[in-house]
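Start counting at 1 in the sequence shown, then tack on 158, and there's your number in the numbering used here. All C-beta atoms in this analysis are idealised placements derived from N, C-alpha and C, irrespective of residue type, glycine included. The structure appears below as structure tokens.
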Amino acid sequence: MTTRSHGRADAAGPGAATTDAGKASPRAWGRRLATALLSLVLAVAGAVWTAGAAGAESNGGVRVMPLGDSITEGTQVPGGYRIGLWQRMAAGRYTVDFVGSQYNGPGSLGDHDHEGHPGWRIDQIDANITGWLRTHTPRTVLLHIGTNDVLQNYNVSTAPQRLSTLIDHITAAAPGAEVFVATIIPLANSGQEAAARTFNAAIPGIVQNKVNGGKRVHLVDMHSALTTADLIDGVHPTAGGYDKMAARWYGALQSVPGSIGDSGGPTPTGSALRGVGSGRCLDVTGVSQANGAQAQIWDCNGQSNQQWTPTAAGELRVYGGKCLDVYSNGTADGTAVIIWDCSGQNNQQWRLNSDGTITAVRANKCLDVSGYGTANGTKIQIWTCHGGTNQRWTLS
Numbered sequence: 159m160t161t162r163s164h165g166r167a168d169a170a171g172p173g174a175a176t177t178d179a180g181k182a183s184p185r186a187w188g189r190r191l192a193t194a195l196l197s198l199v200l201a202v203a204g205a206v207w208t209a210g211a212a213g214a215e216s217n218g219g220v221r222v223m224p225l226g227d228s229i230t231e232g233t234q235v236p237g238g239y240r241i242g243l244w245q246r247m248a249a250g251r252y253t254v255d256f257v258g259s260q261y262n263g264p265g266s267l268g269d270h271d272h273e274g275h276p277g278w279r280i281d282q283i284d285a286n287i288t289g290w291l292r293t294h295t296p297r298t299v300l301l302h303i304g305t306n307d308v309l310q311n312y313n314v315s316t317a318p319q320r321l322s323t324l325i326d327h328i329t330a331a332a333p334g335a336e337v338f339v340a341t342i343i344p345l346a347n348s349g350q351e352a353a354a355r356t357f358n359a360a361i362p363g364i365v366q367n368k369v370n371g372g373k374r375v376h377l378v379d380m381h382s383a384l385t386t387a388d389l390i391d392g393v394h395p396t397a398g399g400y401d402k403m404a405a406r407w408y409g410a411l412q413s414v415p416g417s418i419g420d421s422g423g424p425t426p427t428g429s430a431l432r433g434v435g436s437g438r439c440l441d442v443t444g445v446s447q448a449n450g451a452q453a454q455i456w457d458c459n460g461q462s463n464q465q466w467t468p469t470a471a472g473e474l475r476v477y478g479g480k481c482l483d484v485y486s487n488g489t490a491d492g493t494a495v496i497i498w499d500c501s502g503q504n505n506q507q508w509r510l511n512s513d514g515t516i517t518a519v520r521a522n523k524c525l526d527v528s529g530y531g532t533a534n535g536t537k538i539q540i541w542t543c544h545g546g547t548n549q550r551w552t553l554s
């Protein structure tokens, strides 16, 4: 038997990590110093920064463009609010295609495309928006911009007018799109927070003016969704803060019919495997069907990525043709459990035991929730069988 080696995508994508709203982390760029310096010069000049660009992912769903600065990109937590938003839309059975020229985020994010540019102000986004919209043709735009105008103290008093002009350019280039305009999140510095609040106070009137003109523009109060306790560095959210943003975006999208399509899709077949210790279900991260997608636990929702079919060959199949798989034929404690094209190899064979444990045939170790975790997103691995609640499952 030939042992295969699974390929694994770079979880963070090729975009540079950043440490604040406009500065690149030296560690992230250390191996390509010359490229980093050039990128910094281009960013300051307002040119399109392509270091985070990659081939677009598409699933044929409703095209949604996350648009803004490092908070859209997900500085400090790559993927940012897009992770939780994607998970919520997947759980709601919405088929959505994130679009944009940039690309980053972890494997738990099913689509990494976005239009978030660290350090960019309203005017810099405005200088490029028409081209992006013509290229990516979004049905829906999620706009969170203005933080860097405040941080850079860049003509803050006229920032609302620049935002209004940007919205006009969006609606002109994409007249059929639903445009969701967010107030910017809080800032820890008291003087900057005062400026942010002044800027935010103008946004409802701007949005209402567009609505009165027949434009499909919607206000999202993002500022009230977070507090400064949700910031990791005084500017960017923690993982929990980004998830609060995701929840606020999702609620806004659900309130506008058609903005993310219709909830539905084919009824999944198979059965759920519910962890006894967590009460959550065995789940494929991000509803991904890609080889190498990580298995995790998540709130049980009946989605196709939680529907497992035991076969006479000992497989646990999902999506019809993918199998629960021990990464790279591993046998060591802590080896990751993923999905892969069904191949008949014994690292894809499982034994369902009467005590609720599930044994990996090749490794003779149990399907295990890492570290007795109970939180959404806790990874699945194999571990020496001990009968703990994190190794027991119910099939329903």
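Spatial distance of residue i from residue j (CA atoms)
i           : j           : result
residue 360 : residue 231 : 25 Å
residue 308 : residue 229 : 14 Å
residue 453 : residue 342 : 34 Å
residue 256 : residue 271 : 5 Å
residue 518 : residue 433 : 16 Å
residue 546 : residue 514 : 10 Å
residue 455 : residue 525 : 12 Å
residue 224 : residue 476 : 30 Å
residue 324 : residue 363 : 15 Å
residue 431 : residue 474 : 10 Å
residue 387 : residue 406 : 17 Å
residue 448 : residue 413 : 31 Å
residue 497 : residue 483 : 5 Å
residue 227 : residue 368 : 23 Å
residue 344 : residue 384 : 7 Å
residue 158 : residue 282 : It is not possible to answer for residue 158, since the shown part of the chain is limited to 159 through 554.
residue 460 : residue 249 : 8 Å
residue 480 : residue 520 : 18 Å
residue 501 : residue 365 : 54 Å
residue 462 : residue 428 : 8 Å
residue 382 : residue 536 : 29 Å
residue 294 : residue 275 : 16 Å
residue 457 : residue 505 : 26 Å
residue 531 : residue 548 : 8 Å
residue 553 : residue 503 : 23 Å
residue 437 : residue 277 : 42 Å
residue 542 : residue 404 : 37 Å
residue 390 : residue 349 : 18 Å
residue 329 : residue 411 : 17 Å
residue 347 : residue 297 : 36 Å
residue 471 : residue 523 : 18 Å
residue 273 : residue 301 : 10 Å
residue 442 : residue 233 : 25 Å
Cβ shell of residue i (< 6 Å), same chain only, five flanking positions each side left out
i           : result
residue 353 : 308 and 314
residue 291 : 331 and 332
residue 492 : 539
residue 312 : 279
residue 235 : 397 and 400
residue 392 : 346
8 Å CB neighbourhood of residue i in its chain, flanking five on each side removed
i           : result
residue 327 : 284, 287 and 288
residue 538 : 440, 452, 453, 454, 455, 494, 495, 525, 526, 527 and 528
residue 401 : 239, 241 and 242
residue 550 : 433, 434, 435, 513, 514 and 515
residue 246 : 404, 405 and 408
Chain-order list of residues whose beta-carbon lies under 7 Å from that of residue i (same chain, five-residue window excluded)
i           : result
residue 237 : 262, 263, 264 and 267
residue 280 : 303, 304, 307, 317, 320, 321 and 324
residue 468 : 474 and 510
residue 189 : Because residue 189 sits at a pLDDT of 39, beneath the cut-off of 50, its placement in the model cannot be relied upon, and the point is left open.
residue 490 : none
residue 446 : 268
residue 215 : 269, 270 and 271
For residue i: DSSP bridge partner residues
i           : result
residue 481 : 475 and 498
residue 375 : 337
residue 276 : Answer by DSSP bridge pairing: none, since residue 276 is not bridged.
residue 431 : 553
residue 453 : 442
residue 223 : 299
residue 467 : 475
residue 509 : 517
residue 527 : 538
residue 271 : 261
residue 419 : 416
Are at least three pairs of beta-carbons, each pair with one atom in the stretch 328 to 337 and one in the stretch 245 to 262, less than 8 Å apart? no
Suppose only complete runs of 3+ residues qualify. What are the beta strand (DSSP E) ranges in the stretch 281 to 356, listed by chain order? 298 to 302 and 336 to 340
contact_flag[the stretch 388 to 404, the stretch 357 to 374] where n(CB pairs < 8 Å) is 3 or more: Judged by Cβ distances under 8 Å, the stretch 388 to 404 makes no contact with the stretch 357 to 374, as fewer than three pairs qualify.
Suppose only complete runs of 3+ residues qualify. What are the beta strand (DSSP E) ranges in the stretch 227 to 268, listed by chain order? 254 to 256
Report the start-end ranges of each alpha helix (DSSP H) in the stretch 369 to 416 that is 4 residues or longer and not cut off at the edges. 397 to 412
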